[in-house]
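Engineer: Order-wise, the sequence lines are chains A and B. Here the UniProt record's numbering is used: position 172 in the first sequence is 172, and no number is missing along the way. Here the UniProt record's numbering is used: position 21 in the second sequence is 21, and no number is missing along the way. Take this structure first; my questions come after.
Protein chains: 2
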Amino acid sequence: MQSRPRIPEATVARLAVYLRVLTGLVDSGRGTISSGELAAAAGVNPAGLRKDLSHLGPCGTRGVGYEVSTLRDRIAAVLGMETAHACVLVGIGNLGSALAGYGGFGNRGFEFVGLFDASPARVGQRVGDLLVRPMEELDAVVTGTRATIGVIATPAEVAQPVCDRLTAAGVRSILNFAPVALSAPAGVGVRQVDLSVELQVLAFLDKQRGVPGQTTPAALAPAGGMA
Amino acid sequence: MQSRPRIPEATVARLAVYLRVLTGLVDSGRGTISSGELAAAAGVNPAGLRKDLSHLGPCGTRGVGYEVSTLRDRIAAVLGMETAHACVLVGIGNLGSALAGYGGFGNRGFEFVGLFDASPARVGQRVGDLLVRPMEELDAVVTGTRATIGVIATPAEVAQPVCDRLTAAGVRSILNFAPVALSAPAGVGVRQVDLSVELQVLAFLDKQRGVPGQTTPAALAPAGGMA
DNA sequence: CTGTGTGAATCAGTTCACAGCA
DNA sequence: TGCTGTGAACTGATTCACACAG
């Protein structure tokens with residue numbers, strides 16, 4: 001059961017979480033950990049965690065648990081964290097600035113190698129340790145740095161053209177924060193993060209769960225899985 | 001098939017997307033739309049869209065399609081968008097400021113009624129049209145405004161205590177941007193948004209898809225579903 | 001004759017239960 | 001004895017195919 005037959009996407013997302021937890025444990029000098037404890041720290045169920053790890057081949061000791069630093073390295077290798085990933089970020093508004101300054105990326109092997117904005121007012125500004133560049137330079141920077149990931153934090157109206165330029169320049173994966181569905185050529189991966197949708201789901205689930213003094217008295221507390 | 005038997009969570013997330021698309025179509029004066037066209041705009045498959053809408057009961061006209069404004073209103077009602085949701089936001093760093101200033105929330109019935117930060121340097125600053133308040137006022141604001149949603153954009157170390165304070169004050173749903181798994185009392189919904197995980201999944205899928213000149217030549221282009 | 005609404009089939013992901021190794 | 005690793009059962013979601021209304 002090595003990584004040959006392909007690791008499910010849901011598992012990959014959780015592996016990234018385990019990696020973060022394990023890195024913290026390594027730093028605090030922890031030697032080994034059981035699936036139960038690691039699962040608790042990651043917010044998942046222990047059996048599921050063991051199944052996730054089974055995709056990496058056996059990596060624990062029965063009756064004992066997992067060696068923290070070994071497991072960390074193994075996951076890092078599988079996720080391709082040994083090589084850094086160059087990213088470009090387009091749209092340096094509030095959100096773009098926040099992303100550019102977010103330390104969580106650098107720690108995990110993702111480095112922004114170019115920040116771009118269409119507004120002359122923003123071009124030339126310093127964000128983190130990079131200067132904001134004009135859109136005209138996008139293609140040259142992507143090809144020059146071999147950036148493989150593009151992050152879009154522009155207004156919705158321009159997200160598709162930005163996506164087109166990124167893919168034309170050779171970007172292979174796109175993380176889109178603009179609230180529009182992007183279409184990209186085959187072979188280019190797109191992931192959508194929609195903040196409003198998250199809030200809306202949250203509000204709906206709360207409503208469905210049954211608010212004490214609300215218009216819908218029908219709900220008998222679904223009781224079920226709530227993370 | 002009304003909303004009685006409960007709408008799947010995956011469907012709820014997509015309904016929020018349809019709602020956004022439909023709102024745009026209403027503004028541009030579009031009268032009716034077919035499932036195929038709406039699905040394309042939302043980035044989903046037409047049959048899935050029809051199944052999603054079937055949870056609202058019949059709302060289209062066979063041979064014709066859906067009436068845009070009627071469908072918009074219907075989805076808005078199901079998602080509980082007719083009443084505004086009061087939210088508080090804790091942690092006004094780069095990301096928090098971006099969220100506070102993000103127009104996408106207000107449009108969709110979510111209103112920030114309080115911004116909080118532990119740092120005296122940030123308290124009193126103006127972000128959007130609100131002033132940043134000290135943490136001491138959190139409880140009073142939540143109870144006073146009946147805020148039901150809390151958004152956490154703090155460093156990971158303090159996210160759990162902040163979560164505890166929010167839930168103690170009566171918040172029923174939490175959107176967490178800090179990279180830690182939160183534990184909350186039963187009856188409180190938590191959703192996690194982890195930006196690094198998104199990038200890591202993207203990078204992994206790209207790697208798995210097979211990069212032209214890479215160490216893993218085994219991949220024969222999985223071909224399958226790539227949004 | 002077009003496009004919705006939906007059962008049936010498929011597929012993916014999660015949970016359970018326990019066999020097997022330290 | 002304790003905890004991993006994993007087949008098997010189950011749950012949930014997606015896709016397909018087609019009956020049926022306008």
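Glycine included, every Cβ here is placed at the ideal spot set by N, Cα and C. These figures come from a predicted structure and were not determined experimentally.
Rounded to the nearest angstrom, what separates G104/A and V64/B at their Cα positions?
Structural biologist: Rounded to the nearest angstrom, the two C-alpha atoms are 49 Å apart.
Engineer: Check the DSSP bridge columns for V151/B and list the partner residues they point to.
Structural biologist: According to DSSP, V151/B bridges with L89/B and L175/B.
Engineer: Which chain A residues are close to F105/B, counting only those with a beta carbon under 9 Å from its beta carbon?
Structural biologist: Result: L195, S196 and L199.
Engineer: Which residues in chain A sit within 8 Å of P179/B, going by Cβ to Cβ distance?
Structural biologist: Those are R20 and G104, listed as they occur along chain A.
Engineer: Going by DSSP, what residue range makes up the beta strand (DSSP E) through E198/A?
Structural biologist: Note, E198/A: premise wrong, no beta strand (DSSP E); alpha helix (DSSP H) at L195 to R209.
Engineer: Around the Cβ of A16/B, are there at least 16 other Cβ atoms within 10 angstroms (buried) or fewer (exposed)?
Structural biologist: By the 10 Å Cβ count, A16/B comes out buried.
Engineer: In its own chain, which residues sit with a C-beta less than 6 Å from the C-beta of V26/A, not counting the 5 before and 5 after it?
Structural biologist: Here the set comprises V68, S69 and R72.
Engineer: Can you find a C-beta in chain B that's less than 7 Å from the C-beta of A203/A?
Structural biologist: Yes, its Cβ sits closer than 7 Å to a Cβ of chain B.
Engineer: Can you grab the Cα-Cα spacing for the pair A13/A / D194/A, in whole Å?
Structural biologist: Taking the straight line from one Cα to the other gives about 17 Å.
Engineer: Please check if any C-beta of chain A sits within less than 7 Å of the C-beta of F112/B.
Structural biologist: Taking Cβ atoms only, chain A never reaches closer than 7 Å to F112/B, which makes this a no.
Engineer: Examine chain B for any beta-carbon lying closer than 7 Å to the beta-carbon of G225/A, and answer yes or no.
Structural biologist: Below a pLDDT of 50, predicted positions are generally treated as unreliable, and G225/A, at 33, falls in that range; the measurement from the model is reported next regardless. By this cut-off, G225/A is not an interface position.
Engineer: Does L71/A come within less than 7 Å of chain B when only Cβ atoms are used?
Structural biologist: No, because no Cβ of chain B sits closer than 7 Å to the Cβ of L71/A.
Engineer: Go ahead and label T61/B buried or exposed: buried means 16 or more other beta carbons lie within 10 angstroms of its beta carbon, across all protein chains shown.
Structural biologist: Counting Cβ neighbours within 10 Å, T61/B comes out exposed, since fewer than 16 surround it.
Engineer: Tell me the start and end of each unbroken beta strand (DSSP E) in the segment 98–162 of chain A that is at least 3 residues and wholly inside, in chain order.
Structural biologist: Within the segment 98–162 of chain A, the complete beta strand (DSSP E) runs of at least 3 residues are 110–117, 130–134 and 149–152.
Engineer: Distance cutoff 7 Å, beta carbons only. Does N45/A sit that close to anything in chain B?
Structural biologist: Judged by the 7 Å Cβ criterion, N45/A is not in contact with chain B.
Engineer: Tell me whether G77/B is buried or exposed, calling it buried when 16 or more other Cβ atoms sit within 10 Å of its Cβ.
Structural biologist: Inspection of the sequence shows that residue 77/B is occupied by Ala rather than by Gly. It is exposed - the Cβ of A77/B has fewer than 16 other Cβ atoms within 10 Å.
Engineer: Would you kindly work out how many angstroms separate the C-alpha atoms of V201/A and T23/A, rounded to a whole number?
Structural biologist: Roughly 31 Å separates the two Cα atoms.
Engineer: Measuring straight from C-alpha to C-alpha, what distance separates G210/A and Y102/B?
Structural biologist: Whole-angstrom Cα-Cα distance: 29 Å.
Engineer: So, is T143/B buried or exposed, given that buried needs 16 or more other C-beta atoms within 10 angstroms?
Structural biologist: Classification of T143/B: exposed, given that the 10 Å Cβ count is below 16.
Engineer: Using CA atoms only, rank isn't needed, just tell me which of A181/A, P155/A and V188/A is closest to L166/A.
Structural biologist: It is V188/A whose Cα lies nearest to the Cα of L166/A.
Engineer: Does any residue of chain A bring its CB to less than 7 Å from the CB of D117/B?
Structural biologist: D117/B does not count as touching chain A.
Engineer: Could you check if L131/B is buried or exposed, using at least 16 other CB atoms within 10 Å of its CB as the buried criterion?
Structural biologist: Looking at its Cβ environment, which holds fewer than 16 other Cβ atoms inside 10 Å, L131/B is exposed.
Engineer: Check the Cβ of I149/B against every Cβ in chain A and list those closer than 9 Å, keeping chain order.
Structural biologist: Chain A residues near I149/B: L199, L202, A203 and D206.
Engineer: When DSSP builds the beta bridges, which residues end up paired with T70/B?
Structural biologist: None, per the DSSP bridge assignment.
Engineer: Does the separation of the CB atoms of I7/A and H85/A fall below 7 Å?
Structural biologist: No; because the gap between Cβ atoms is not below 7 Å, this pair is not in contact.
Engineer: For a contact meaning CB atoms closer than 9 Å, what does residue 238/A contact in chain B?
Structural biologist: With chain A covering 1 to 227 only, the question about residue 238/A has no answer from this structure.
Engineer: Checking contacts by CB at 7 Å: is R122/A closer than that to chain B?
Structural biologist: Closer than 7 Å: no.
Engineer: Could you confirm whether any beta carbon from chain B is found closer than 7 Å to the beta carbon of N176/A?
Structural biologist: No, its Cβ sits nowhere closer than 7 Å to a Cβ of chain B.
Engineer: Can you tell me whether S97/A is buried or exposed, with buried defined as 16 or more other CB within 10 angstroms of its CB?
Structural biologist: Looking at its Cβ environment, which holds 16 or more other Cβ atoms inside 10 Å, S97/A is buried.
Engineer: According to a CB-to-CB cut-off of less than 7 Å, which residues of the segment 66–94 of chain B neighbour chain A?
Structural biologist: The segment 66–94 of chain B vs chain A, Cβ under 7 Å: L79, G80, H85 and N94.
Engineer: I want to verify the contact list: residues of chain B whose CB lies under 9 Å from the CB of S34/A, in sequence order.
Structural biologist: Under the 9 Å cutoff, chain B gives no residues; its nearest Cβ is about 17 Å from S34/A.
Engineer: Is the shortest distance between the beta-carbon of G57/B and the beta-carbons of chain A less than 7 Å?
Structural biologist: Output row for G57/B: interface = no.
Engineer: With contact counted as at least three CB pairs below 8 Å, one residue from each stretch, are the segment 175–188 of chain A and the segment 121–128 of chain A in contact?
Structural biologist: No, they do not touch.
Engineer: Considering just the uninterrupted stretch of the beta strand (DSSP E) at V190/A, what are its terminal residues?
Structural biologist: Taken as a continuous stretch (DSSP letters only), the beta strand (DSSP E) holding V190/A covers G189 to Q192.
Engineer: Mind the definition here: the segment 33–47 of chain B touches the segment 105–123 of chain B only if three or more C-beta pairs lie below 8 Å; say whether that holds.
Structural biologist: In short, these stretches do not touch, since the Cβ pair count stays below three.
Engineer: Compute the distance between the beta-carbons of G154/B and G91/B, then report whether it is under 7 Å.
Structural biologist: The sequence as given places Thr at residue 154/B; Gly does not occur at that position. Yes, the Cβ-Cβ distance between T154/B and G91/B is below 7 Å.
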